[in-house]
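Report on the structure given below.
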Amino acid sequence: MNDTQPTTDASPRYILEHTFGYTEFRGDQQAIIETLVNGQDALVLMPTGGGKSLCYQIPALARPGCGVVISPLIALMQDQVEALTAVGVAAAFLNSSLDYQQAQTLEAQLLRGELDLLYLAPERLLQPRTLELLSQAHISLFAIDEAHCVSQWGHDFRADYLQLSCLHERFPSVPRVALTATADQRTQGEIARRLDLENARHFVSSFDRPNIQYRIAAKNNPKRQLLQFLNEEHQGNAGVIYCLSRNKVETTASWLQQQGFNALPYHAGLSAEVRAEHQRRFLREEGVIVVATIAFGMGIDKPDVRFVAHLDLPKSIEAYYQETGRAGRDGEPATALLLYGLEDVVKLSQMANTSEGSEEHKRQERQRLDAMLGLCEITSCRRRALLRYFNEELAQDCGNCDTCLTPPVTWDASDASRKLMSCIYRTGQRFGAAHVIDVLRGADTEKIRQFNHNQVSTYGIGSDLSANEWRAVVRQLVVRGYLQVNAEAFNALQLTEQCRPVLRGEESVQLRTLPKAAKATGKPDSG
Ligand code: ADP
Ligand code: ZN
């Protein structure tokens with residue numbers, strides 16, 4: 068650790084310029100920093116890449132004492148400490164990677180007032196020994212990063228975060244700031260309540276990331292779609308590809324390697340060394356593609372990620388926004404591509420229904436998934452819908468999403484919908500999409516013969532559409548609530564009340580047309 072600088076009398080602007088080398092504050096940074104410097108609490112909602120770190124780093128330097136940063140990820144702490152040390156800030160982390168001697172040295176430095184910033188994992192902070200140590204030191208502020216981890220409805224919930232409310236009781240005069248890139252109001256309220264920040268000033272930034280182009284397409288031939296995307300638009304670019312399962316991460320990464328890409332897998336099943344190595348290569352080398360489960364990315368600060376591709380549907384709009392938000396942090400154009408299919412809808416509904424937790428929790432998961440699906444199927448501006456979900460209203464369509472750039476073509480699918488609905492009804496609402504489509508298309512399968520489904524009146528009445536087209540119809544009708552997938556009954560398709568007016572011919576159904584290439588494929592290929 069280097070000498071402590073005489074930072075106590077430095078103004079935030081001076082620190083911004085001389086320590087960090089920036090000329091201007093961004094967005095709410097200045098107001099947030101002033102709030103903390105004045106000893107008040109703050110709750111900060113800022114999108115990924117918005118510049119949250121400076122919001123606590125500068126006040127920690129401007130106020131006497133050491134700023135304590137609580138962060139859930141060790142990798143993130145190390146990165147930040149490295150970057151801070153490089154610009155001459157006395158920063159350190161206290162975690163299990165230090166041996167006894169190192170920890171002792173650090174504690175002594177803290178007590179002598181030689182540290183500007185100390186990073187800690189929540190579980191470490193909450194140890195009685197650590198709390199005791201902190202109460203003997205001079206603390207300038209507490210920064211609670213990734214504060215949405217306190218939310219039990221979020222996918223990053225950490226029980227330790229709940230206990231962080233003790234900071235207010237133990238250190239009543241130390242200002243606290245909670246920061247997150249998760250924006251929905253429910254989470255915001257939960258953070259304020261659970262962390263005892265109801266009297267804090269709230270800073271809610273715009274969540275728009277205008278340089279990210281949003282695109283969502285039906286998953287027809289994902290390998291071909293991905294290859295085309297990479298070859299035509301992202302040759303040699305760094306990017307992240309998200310998949311739902313570890314297995315798919317592995318197969319996708321090795322397939323990309325065969326295709327000549329510098330692709331590396333990343334998921335929780337890999338050893339810590341391999342993960343650290345792949346993360347390091349992603350950060351340091353040019354043009355590395357990381358294929359990952361959601362385990363990758365929280366807090367990764369790589370400014371020039373040019374694309375994020377999802378090969379499976381994210382569980383919620385929050386997750387989609389956070390994951391796509393890792394692209395284009397440098398403000399340069401970047402692309403977010405999502406490919407999704409009926410299988411995703413079925414799989415995620417199943418996961419939502421069988422997940423642990425109360426009925427209420429399941430209901431909320433279901434709602435979040437439905438909102439995500441709604442975003443996939445809308446025919447209007449994606450960015451407007453995305454921001455509206457976070458209670459932000461854009462004045463006009465964005466001009467930089469797929470629906471703005473190539474307005475989707477719709478077709479009158481009323482007749483097809485009726486055929487599908489009757490076929491589901493005639494076969495007893497007991498079968499999944501694949502079988503129902505086989506019946507509609509008049510296929511000759513073992514299962515059809517077994518159930519005598521070649522005798523039902525709807526057998527073969529849908530041979531005018533390809534299997535892929537039928538799958539698109541099913542998917543869109545599920546998303547719009549006409550059909551439901553019963554996870555407790557082998558994912559059987561079932562009719563909802565909403566079908567009635569369509570079946571009676573009182574309501575028409577307009578659906579998106581599939582791109583030409585996808586129509587032709589009779590055989591579904593979902594990777
Ligand atoms: P977040 O934690 O909100 O995702 P970071 O704090 O990591 O964002 O900041 C994202 C990037 O923006 C970093 O590379 C950071 O150095 C840069 N940055 C932050 N504030 C400013 C500023 N005022 N001027 C220029 N660059 C900034
Ligand atoms: Zn748009």
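Each residue of the sequence shown is one higher than the one before, starting from 68 at the first, in the working numbering. Heads up, the beta-carbon is just placed ideally off N, CA and C, and yes, glycines get one too.
Give me the Cα-Cα distance between ASN162 and ARG191, rounded to the nearest whole angstrom. For ASN162 and ARG191, the gap between their C-alpha atoms comes out near 7 Å.
Are the beta-carbon atoms belonging to VAL355 and THR319 less than 7 Å from one another? 7 Å or more divides the Cβ of VAL355 from the Cβ of THR319.
Is any heavy atom of the ligand SAM found at a distance shorter than 6 Å from the C-beta of ASP275? Among the ligands present in this structure, namely the ligand ADP and the ligand ZN, the ligand SAM is not found.
Can you find at least 3 beta carbon pairs, one from the region 268-279 and one from the region 142-151, that sit closer than 8 Å? no
Cβ-heavy atom distance, CYS471 to the ligand ZN, below 6 Å: For CYS471, the shortest separation between its Cβ and any heavy atom of the ligand ZN lies below 6 Å.
If I measure Cβ to Cβ from VAL413 and keep anything under 7 Å in the same chain, skipping five residues before and after, which residues do I get? VAL552 and ASN558
Could you pull out every residue in the same chain whose Cβ sits closer than 8 Å to the Cβ of LEU581, ignoring the five residues on either side in sequence? ALA285, ASN287, ASN535, GLU536 and ALA539
Taking GLY134 as the reference, give the member of GLY509, GLY180 and GLU101 with the closest Cα. GLY180
Strictly by DSSP, which residues pair up with GLN463? Note: GLN463 sits in no beta bridge, so no partner.
Mapping DSSP to helix, strand and coil, what is SER425? coil
Rounded to a whole number of angstroms, what is the C-alpha to C-alpha distance between GLN72 and ARG80? Residue confidence is low: GLN72 scores 42 on pLDDT, short of 50, so the model does not pin down where it sits. No coordinate-derived value is stated.
Closer than 8 Å by C-beta to LYS514: which residues in its own chain qualify, once you throw out the five before and the five after it? Chain order, please. HIS502, ASP505 and HIS520
Leaving out five residues before and five after GLY548 in sequence, what residues of the same chain have Cβ atoms less than 7 Å from its Cβ? THR563 and GLN565
Beta-bridge partners of ALA55, as assigned by DSSP: Since the first residue of the chain shown is 68 and the last is 594, residue 55 is not available in this structure.
Three-way DSSP call (helix, strand, coil) for ARG80 in this model: helix
Decide if GLN302 is buried, meaning its Cβ has at least 16 other Cβ atoms within 10 Å, or exposed. exposed
Who does SER322 pair with in a DSSP beta bridge? Per the sequence presented here, residue 322 reads as Trp, with Ser not at that position. Paired residues: none, contrary to the question.
Please identify the residue among GLN219, LEU454 and CYS465 whose C-alpha is closest to the C-alpha of GLU427. GLN219
Using a Cβ-Cβ cut-off of 7 Å (strictly less than) and excluding sequence neighbours within five positions of ALA98, which residues of its own chain qualify? PHE270
Looking at TYR89 and the ligand ADP, is the gap between the Cβ and the nearest heavy atom below 6 Å? Yes; taking the cut-off as 6 Å, the Cβ of TYR89 has a heavy atom of the ligand ADP nearer than that.
Burial state of VAL154 (16 or more Cβ within 10 Å): exposed
Along the chain, where does the alpha helix (DSSP H) containing CYS122 start, and where does it finish? 119-129
Nearest residue (CA-CA) to LEU157, options LEU140, SER164, GLN169 and LEU177: Looking at the sequence provided, one finds Ala at residue 157 rather than Leu. Of LEU140, SER164, GLN169 and LEU177, the residue nearest in Cα terms is LEU177.
For ALA332, the residue or residues it bridges with in DSSP: The identity of residue 332 in the sequence shown is Pro, whereas the question assumes Ala. BP columns for PRO332 point to VAL358.
Quick one: does the C-beta of CYS443 sit closer than 6 Å to a heavy atom of the ligand ZN? no
Measure the C-alpha to C-alpha separation of GLU432 and ALA159 and round it to an integer number of angstroms. The straight-line gap from Cα to Cα measures roughly 38 Å.
So the alpha helix (DSSP H) ILE100 belongs to, where does it begin and stop? 96-104
Assuming MET113 and ALA210 make a contact with CB atoms under 8 Å, what is their CB distance in whole Å? The pair is not a contact, with the Cβ atoms about 13 Å apart (cut-off 8 Å).
Coarse secondary structure for THR477, derived from DSSP in three states: strand
Segments of 3+ residues assigned as beta strand (DSSP E) that fall wholly inside the region 182-265: 184-187, 206-211 and 243-247
Going by CA-CA distance only, name the one from GLN326, ALA510 and LEU544 that's closest to GLY529. ALA510
Option nearest HIS334 by Cα separation, candidates PRO189, GLN326, ALA343 and LEU350: The residue with the shortest Cα to Cα distance from HIS334 is ALA343.
Helix, strand or coil at CYS443 [DSSP, three-state]: Taken through DSSP and simplified to helix, strand or coil, CYS443 comes out as helix.
Once DSSP output is grouped into helix, strand and coil, what is the label at VAL375? strand
Is GLN72 helix, strand or coil when you go by DSSP? At GLN72, the pLDDT of 42 sits below 50, so the modelled position is not reliable; the number obtained from the coordinates is stated separately. Coil, per DSSP.
Helix, strand or coil: which one does DSSP assign to VAL552? strand
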